[in-house]
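Asks: Please find one structure pasted underneath; my questions will follow.
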Amino acid sequence: NGRKYGLLYNGYCRTYLNEICPDGWRVLNGNDCQYIIDFVGQNNGAKLRTIDYWATPGNNELGFSAPPSSATDTGSNWFFTETFCYLQGDIDIGQGQIDVFAILGNNNIAFYPNGSSMWISMPVRFCKDA
44 NGRKYGLLYN GYCRTYLNEI CPDGWRVLNG NDCQYIIDFV GQNNGAKLRT
94 IDYWATPGNN ELGFSAPPSS ATDTGSNWFF TETFCYLQGD IDIGQGQIDV
144 FAILGNNNIA FYPNGSSMWI SMPVRFCKDA
């Protein structure tokens with residue numbers, strides 16, 4: 044399902060993420076996430092979600108094409124039907140936390156600084172450099 048929903052990476056992989064980005068692309072950062080929330084509105088996640096695969100399809104009005112995805116701790120617990128993206132910067136390795144951007148099935152968009160454990164594996168979203 045990696046081609047359909049994306050591969051999963053945990054916080055310890057973050058230092059290598061830019062190496063897997065296509066040329067001219069990078070991993071989202073906190074500023075990108077806040078820009079998206081400010082531009083789209085916190086309750087307008089349907090504008091970012093694909094029209095396929097979601098239990099309640101989005102309209103992808105803005106062409107962001109976010110599919111639903113999953114996240115897992117060490118493979119024993121899975122979280123489905125929300126798109127989680129963890130961020131490149133602002134990771135507190137001492138606290139074992141990573142920042143998380145989420146497009147939720149209920150149309151909400153959220154940014155959680157230090158929102159998840161470094162062990163949680165999630166998809167990563169790339170954005171095109173300006």
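Quick note on my numbering: the sequence shown kicks off at 44 and runs consecutively.
Glycine residues also receive a C-beta, built at the ideal position from the N, C-alpha and C atoms.
This structure is a prediction, so every number in the text was calculated from the model and none was measured.
1) Please report how far the alpha carbon of P111 lies from the alpha carbon of P65, in whole angstroms.
2) Hey, out of P166, A173, A153, D172, whose CA is closest to C56's CA?
3) With a threshold of 16 other CB atoms inside 10 Å of the CB of E125, please say whether the residue is buried or exposed.
4) Beta-carbon within less than 6 Å of W121's beta-carbon, same chain only, minus the 5 sequence neighbours each way: which residues are those?
5) Here's the rule: buried if 16 or more other CB atoms are within 10 angstroms of the residue's CB, otherwise exposed. What is Q140?
6) Assign Q85 to one of three DSSP states: helix, strand, or coil.
7) Taking the continuous beta strand (DSSP E) assigned at C56, which residues delimit it?
8) What residues in its chain sit with their C-beta under 6 Å from that of Y155, if we drop five residues either side in the sequence?
9) Just tell me which of W97, Y96, T99, L91 has its CA closest to the CA of L105.
10) Give the secondary structure of Y78 by DSSP, where H, G and I count as helix, E and B as strand, and everything else as coil.
11) How long is the line joining the alpha carbons of I163 and G54, rounded to whole angstroms?
12) Is any heavy atom of the ligand FAD found at a distance shorter than 8 Å from the C-beta of S113?
13) If contacts are defined as beta-carbon pairs under 8 Å, then V70 and F169 qualify, I think. What distance do you get, rounded to the angstrom?
Replies: On the basis of the coordinates in this document:
1) To locate residue 111, count along the sequence shown from 1; it is residue 68. To locate residue 65, count along the sequence shown from 1; it is residue 22. Taking the straight line joining both Cα atoms gives about 22 Å.
2) Walking along the sequence shown from the start, residue 56 turns up at place 13. Minimum Cα distance to C56 is reached at P166.
3) Looking up residue 125 in the sequence shown gives position 82. Its Cβ being crowded by 16 or more others within 10 Å, E125 is buried.
4) Translated into positions along the sequence shown, residue 121 becomes position 78. Hits under 6 Å: S113, T115.
5) Within the sequence shown, numbered from 1, the residue matching residue 140 stands at position 97. Q140 is buried by the Cβ-count criterion.
6) Stepping through the sequence shown from its first residue, residue 85 is reached at position 42. Here Q85 sits in coil by DSSP.
7) The sequence position of residue 56 within the sequence shown is 13, counting from 1. Where C56 is concerned, there is no enclosing beta strand (DSSP E), given that its DSSP letter is neither H nor E.
8) Locating residue 155 in the sequence shown gives position 112, counting from the first residue. So the qualifying residues of the chain are V143.
9) One-based indexing of the sequence shown puts residue 105 at position 62. Comparing Cα positions, the closest option is L91.
10) In the sequence shown, residue 78 corresponds to position 35, counting from 1. Residue state, collapsed to three classes: helix.
11) The count along the sequence shown starts at 1 and reaches residue 163 at position 120. The count along the sequence shown starts at 1 and reaches residue 54 at position 11. Computed Cα separation, rounded: 7 Å.
12) Within the structure as shown, the ligand FAD is missing, as the structure has no ligands at all.
13) If you number the sequence shown from 1, residue 70 lands on position 27. If you number the sequence shown from 1, residue 169 lands on position 126. That belief holds up - the Cβ atoms of V70 and F169 are roughly 6 Å apart, short of 8 Å.
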